[in-house]
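A.B. asks: Residue numbers (the working numbering): 366 to 1217.
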Amino acid sequence: MNTLQILSSRPVRRVLAPLGVLGVLALALTFLHRSMGGYDWHRLPADLSDIGVGHVAAALAATALSYLAMTGYDALALRYVADLVPDRLPWRRYASASLVATAFGNSLGASAIVGAALRARVYSAWQIPAAAIQRIIGFNLLTLGLGFAVLAGGGVLFQPGRAAQALHLPEPVVTGLAVTVLAPVLGYLAWSRLGRRPLVVKGHELRKPGYRLALAQVALSTVEVALMAAALWFLLPPSLALGAGVGFVAFVAAFAIATVAGLVSNVPGGVGVFESVLVVLLSTSIDPLALAPALVAFRVVYFLVPLLVAAVLLVGLEARRGRDVETGASRSQTVELVGVLTPSVLALLVAGLGVVLVATGEVPWLVSLPAGSAFSVSLVGVALLLLARGLHRRLREAWVVTRALLLGQVALCLVLDATVPGLAGLALLALLAPARGVFHRRSGSFHHPRGLSWTAAAVGLVAVALYAHQRADWGNDGTVLLSIGAEHPFSVRLAALLGTLGVVALGVRLLRPLVPGPRTTRCPDELAKAEQIVSTRGRATSHLAFTGDKRLLFSADGASFLMYQVEGRSWITMGAPVGDPGTFPDLLRDFVRLAERHDGRPVLYSVGEEHADLYRELGMTLTKLGEEAVVDLTTFAMTGKRYAKMRRWVNINVTAGSEVEILAPEQVTDALMAEMRQVSDEWLAERNAKEKRFSLGPFDEEYVRRFPVATVRFEGRLLAFATLWIGQEDGSLAVDLMRQRSGGPANVMNFLFVRLMQWGQEQGMRTFSLGMAPLAGLATGEGASVWDRLGALVFTRGEKYYNFQGVRHFKDCFHPTWESRYVVTRPGLAFPTAMVNVATLVGGGVRGLVSR
């Protein structure tokens, strides 16, 4: 593999991508520092006030119109997918989703991507089909790109000389670049008018829109980006905005190019990148120092103000939803977006206030504060930053503590005459009050004695720190928390240390969710209900519901259930749901909501491909765990060369005197159970192993007596046994508990498997499962994931730890069909965390995970 292939591989790209983003950010900030190093930032408040109320009002109007135009993106997209969404959505519904998603996406950066993700969550909550959501997102991204292309390319063609001067390139080259940018737009319009076939881009099919719809896309996106640029244009110093420095058309072109650069950089909000590119493009016409106040004001007007409006909208909808619940009224689909977005938006606002408070305490020229008071303000800011994470995770205690802390922060800011942070805290209090309903998860801090003691200790540390700082000699230093060193008195350093440790400890405790204990299913009513479903619609593995180490979740009508257990933050099901497939979608959604209500991660362990589309619709990904060996009993025979090895196993054991007997549950006597216990104990002792759980049944007499038992006797002595699972729905037969003692002929378990397959065939069973071969069949080619590559490496090189290839080779002797088995998790780092939790749950660590 050459260097280019290594650098382009997915694992390396995942490492290099964030490093590249940090590098771009560092370069952009370095350039801005050099370009604007001469600006006196002490003048910023005065320069902002010089912009004028009229100009700010015009910028706010342009911002409002820009966001209003963005709702048109969704209107056009819904028209584009009318064949998949026949019921027309009212404008007020998708307009709310558009406003909130765009405001939140702009604040996080990469607004096109983040906004698309948020729209996907909201539309899925409205039961819009997954295929339609994908088309809507793609259509919106395309619409956005068309506007940027028109304004960037058209603006350059309008004034090629000025553009060539700004870019330091020959005019013909700049003209050629502009034509290149505009060509796809013209081609798109021509295709929509004259084309007959859909476009295929990297395997994704783009269905041809109508010509009028394509024209509307171009016109709407052009107007929207122009309005966005106008918001900044109105905030420029009056002499520049009137055209003394640069014309509006050229300014819009520069703005479009700078915005695209910020989006492509993946830097949050395009911070630094957008400003750097804009300064470069306008440097021949506008002094960079004159741009500084306008750029700061633009961030407030176009990013912060819409986010506050979105927060107010969400909170208003939450209050409405609360009234609906109280009155018993049905919830409208509009307020479904509240539960999706409100916690994240409020968390972002609280984190923003935390940053402001830390800056207020640390940067003396922002707000003049006494040094000791600045320390208190900084501590409050650090606490809010930690609590923002708890709000994002919807923890009720984080909501309570945040409100209490904001009350204290408002009082402190009013006493210290810090008006702006105080008003911001008051506004957040007003927004948090009616949003209580979405913060429904409980923290473990106040529900466990140890958690309560840690919380009390953290509060004590903060109290000691505040007392110490009141008695400390802070001197005349204005920069308090970040610059405390040996030159400060011991009391100052002690206060800073204790205060910071206390705030961090308290924040960490509050962020810990309340996780249910390991309750097991021993409820007779639940077991009887599950047994009725398993007896009619169950698969072989459905009998794991009766091991007593799982919880059961039933569908609303009781026609299906899934079995699961909680380990860490992972809520892990054993297999797919059992019962009526028509109820599976709602049952899985209930399970995901239940896990997320407790801040858990839903994990579906050892499932097949039959419901893959449903898993993806829930926003989850499938990762291959291995392959299960399944023998087709309808074609199984002991004749011919293909089954010669099996005949040899049978002949050796029959000649030696081995006998197989298959007993019904009622035929398992106490004496036989005692023999089986002895065999099981010897088997565990020889392997220095413990009973596994969750994915396999244990040797528990009550559990074992539920199933048929196959025994192998040699010279009258019990040599081996296996408990059998029978699936009524699919005619499947599988072995659960297998135990063998030393002694007797060779290949005893092989002999038992053959007899079981013959018995199953006689009983009319259709398949016989030999269990899974872990890590078998994982992809290794181009596009394989990190897990697939790592798993394949372990499969081929890990024989020292587990006989992976030997297991696969042994089961291949029975000529099975290999069926893939998967773990279904949320995207990202949820998979490795889930696998650690599964290994712990099953028992025996990683070896316990892969052993069968």
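The beta carbon of each residue, even a glycine, is placed where N, CA and C say it ideally should be.
Under a three-way DSSP split, which group does Asp405 fall into?
C.D. replies: Here the question's residue 405 lines up with position 40 in the sequence shown. Looking at Asp405 - three-state DSSP - the assignment turns out to be coil, as it is neither helix nor strand.
A.B. asks: Would the beta-carbon of Leu796 fall within 8 Å of that of Leu711?
C.D. replies: Taking the first residue of the sequence shown as position 1, residue 796 is located at position 431. Taking the first residue of the sequence shown as position 1, residue 711 is located at position 346. Cβ distance < 8 Å, so Leu796 and Leu711 count as in contact.
A.B. asks: Quick check on Lys1006: buried or exposed, where buried means 16 or more other Cβ atoms within 10 Å of its Cβ?
C.D. replies: Residue mapping note: residue 1006 aligns to position 641 of the sequence shown, counting from 1. By the neighbour-count rule (16 or more Cβ atoms within 10 Å), Lys1006 is not buried but exposed.
A.B. asks: When DSSP builds the beta bridges, which residues end up paired with Pro1139?
C.D. replies: Against the sequence shown, residue 1139 aligns to sequence position 774. Note: Pro1139 sits in a beta bridge opposite Gly991.
A.B. asks: Would you check if the distance between the CB atom of Met1122 and the CB atom of Leu998 is smaller than 8 Å?
C.D. replies: Within the sequence shown, numbered from 1, the residue matching residue 1122 stands at position 757. Within the sequence shown, numbered from 1, the residue matching residue 998 stands at position 633. Cβ distance < 8 Å, so Met1122 and Leu998 count as in contact.
A.B. asks: Who does Leu927 pair with in a DSSP beta bridge?
C.D. replies: To locate residue 927, count along the sequence shown from 1; it is residue 562. For Leu927, which the question treats as bridged, DSSP gives the partners Leu918.
A.B. asks: Suppose you measure from the CA of Val690 to the CA of Ala716; what does that come to, to the nearest Å?
C.D. replies: As a working note, residue 690 is residue 325 in the sequence shown. As a working note, residue 716 is residue 351 in the sequence shown. Here Val690 scores only 46 on pLDDT, less than 50, and its place in the model is too uncertain to base an answer on.
A.B. asks: Note down the Cα distance separating Gly693 from Gly802, rounded to an integer number of angstroms.
C.D. replies: The residue you call residue 693 lines up with position 328 of the sequence shown. The residue you call residue 802 lines up with position 437 of the sequence shown. Since pLDDT at Gly693 reaches only 46, below the 50 mark, its modelled position is unreliable, and the value read off the structure follows with that caveat. Computed Cα separation, rounded: 15 Å.
A.B. asks: Classify Pro1073 as helix, strand or coil using the three-state DSSP reduction.
C.D. replies: Within the sequence shown, residue 1073 is the residue found at index 708, counting from 1. It is coil, neither helix nor strand.
A.B. asks: Give the secondary structure of Ala1087 by DSSP, where H, G and I count as helix, E and B as strand, and everything else as coil.
C.D. replies: The sequence position of residue 1087 within the sequence shown is 722, counting from 1. Three-state DSSP puts Ala1087 in a strand.
A.B. asks: Can you give the beta carbon distance from Ser557 to Ala579, rounded, assuming they're within the 8 Å contact cut?
C.D. replies: Translated into the one-based positions of the sequence shown, residue 557 becomes position 192. Translated into the one-based positions of the sequence shown, residue 579 becomes position 214. Between Ala579 and Ser557 the Cβ distance is about 4 Å, and since that is below 8 Å, they are a contact.
A.B. asks: So what does DSSP say about Leu969, is it helix, strand or coil?
C.D. replies: Position 604 of the sequence shown, counted from the start, is the residue given in the question as residue 969. Note: Leu969 maps to strand in three-state DSSP.
A.B. asks: Who pairs with Gly1081 in a beta bridge, going by DSSP?
C.D. replies: Numbered from 1 along the sequence shown, position 716 holds the residue referred to as residue 1081. Partner(s): none; Gly1081 has no beta bridge.
A.B. asks: Per DSSP, what kind of secondary structure is Asp1101 in: helix, strand or coil?
C.D. replies: Translated into positions along the sequence shown, residue 1101 becomes position 736. Three-state result, Asp1101: strand.
A.B. asks: When the Cα of Leu1028 is compared with those of Val1074, Trp1048, Gly984 and Met1003, which residue comes out closest?
C.D. replies: Numbered from its first residue, the sequence shown carries residue 1028 at position 663. It is Val1074.
A.B. asks: Is Leu731 helix, strand or coil by DSSP?
C.D. replies: The residue labelled residue 731 in the question sits at position 366 within the sequence shown. Only weak support is given to the placement of Leu731: the predicted model assigns it a pLDDT of 45, under 50, and the question is left unresolved by the model.
A.B. asks: Indicate the three-state DSSP secondary structure (helix, strand or coil) for Val996 in the structure shown.
C.D. replies: Position 631 of the sequence shown, counting from 1, holds the residue named residue 996. Three-state DSSP puts Val996 in a strand.
A.B. asks: Reducing DSSP to helix, strand and coil, say where Gly947 ends up.
C.D. replies: Counting from 1 along the sequence shown, the entry for residue 947 is found at position 582. Helix.
A.B. asks: Looking only at DSSP bridge pairs, what is Gly719 linked to?
C.D. replies: Sequence index remark: in the sequence shown, residue 719 carries index 354 (1-based). Paired residue(s): none; Gly719 is not in a bridge.
A.B. asks: So, helix, strand or coil for Thr767, using DSSP?
C.D. replies: By 1-based counting over the sequence shown, the position of residue 767 is 402. The answer is helix: DSSP assigns Thr767 an H, G or I state.
A.B. asks: Would you mind reading off the limits of the alpha helix (DSSP H) that contains Val666?
C.D. replies: One-based indexing of the sequence shown puts residue 666 at position 301. Run containing Val666: none; DSSP gives neither H nor E here.
A.B. asks: Could you please give the first and the last residue of the uninterrupted alpha helix (DSSP H) stretch that includes Val645?
C.D. replies: In the sequence shown, counting from the first residue as 1, residue 645 sits at position 280. From DSSP, the alpha helix (DSSP H) with Val645 extends over Val638 to Leu647.
A.B. asks: Is the region 1069–1084 touching the region 1097–1115, taking contact as three or more C-beta pairs under 8 Å?
C.D. replies: They touch, by the three-pair rule.
A.B. asks: On the criterion of 16 or more Cβ atoms from any shown chain inside 10 Å, does Ser900 qualify as buried, or is it exposed?
C.D. replies: For this step, residue 900 is matched to residue 535 along the sequence shown. So Ser900 ends up on the exposed side.
A.B. asks: Does the region 425–437 come close enough to the region 586–595 to have 3 or more Cβ pairs within less than 8 Å?
C.D. replies: Enough Cβ pairs lie closer than 8 Å, so yes.
A.B. asks: Return the Cβ separation of Met928 and Leu953 in integer angstroms, given the expectation that the two are a contact with Cβ distance under 8 Å.
C.D. replies: In the sequence shown, counting from the first residue as 1, residue 928 sits at position 563. In the sequence shown, counting from the first residue as 1, residue 953 sits at position 588. That belief does not hold up - the Cβ atoms of Met928 and Leu953 are roughly 13 Å apart, past 8 Å.
A.B. asks: Quick check: Ala423 and Val666, are their CB atoms within less than 8 Å of each other?
C.D. replies: Position 58 of the sequence shown, counted from the start, is the residue given in the question as residue 423. Position 301 of the sequence shown, counted from the start, is the residue given in the question as residue 666. Against a cut-off of 8 Å, the Cβ pair of Val666 and Ala423 comes out as no contact.
A.B. asks: Pick helix, strand or coil for Leu534, following the three-state DSSP scheme.
C.D. replies: Within the sequence shown, numbered from 1, the residue matching residue 534 stands at position 169. Coil, per DSSP.
A.B. asks: On the criterion of 16 or more Cβ atoms from any shown chain inside 10 Å, does Leu1194 qualify as buried, or is it exposed?
C.D. replies: As a working note, residue 1194 is residue 829 in the sequence shown. Leu1194 should be labelled exposed.
A.B. asks: Between Asn1016, Ala657, Val1188 and Gly965, which lies nearest to Arg408 when the distance is taken from Cα to Cα?
C.D. replies: Taking the sequence shown and counting its residues from 1, the one referred to as residue 408 is at position 43. Comparing Cα positions, the closest option is Ala657.
A.B. asks: Return the bridge partner residues of Met939 from the DSSP annotation.
C.D. replies: In the sequence shown, counting from the first residue as 1, residue 939 sits at position 574. Partner(s): Tyr970.
A.B. asks: Helix, strand or coil, according to DSSP, for Ser1185 in the structure here?
C.D. replies: As a working note, residue 1185 is residue 820 in the sequence shown. Ser1185: strand per DSSP, three-state reduction.
A.B. asks: Where Val544 and Gly518 are concerned, what is the direct C-alpha to C-alpha distance, given to the nearest angstrom?
C.D. replies: As a working note, residue 544 is residue 179 in the sequence shown. As a working note, residue 518 is residue 153 in the sequence shown. Distance between the alpha carbons of Val544 and Gly518 is about 7 Å.
A.B. asks: Leaving out the 5 sequence neighbours to the left and right, which residues in its chain are closer than 7 Å to Met1011 when beta-carbon positions are compared?
C.D. replies: Along the sequence shown, read from residue 1 onward, the residue named residue 1011 stands at position 646. So the qualifying residues of the chain are Met1003 and Val1119.
A.B. asks: Using CA coordinates, which residue listed in Ala496, Gly790 and Thr988 is at the minimum distance from Leu771?
C.D. replies: As a first step, residue 771 must be located in the sequence shown, where it is residue number 406. Comparing Cα positions, the closest option is Gly790.
A.B. asks: Grab the span of the alpha helix (DSSP H) containing Leu1206 for me, first residue to last.
C.D. replies: Within the sequence shown, the letter at position 841 stands for residue 1206. Note, Leu1206: alpha helix (DSSP H), Ala1195 to Val1207.
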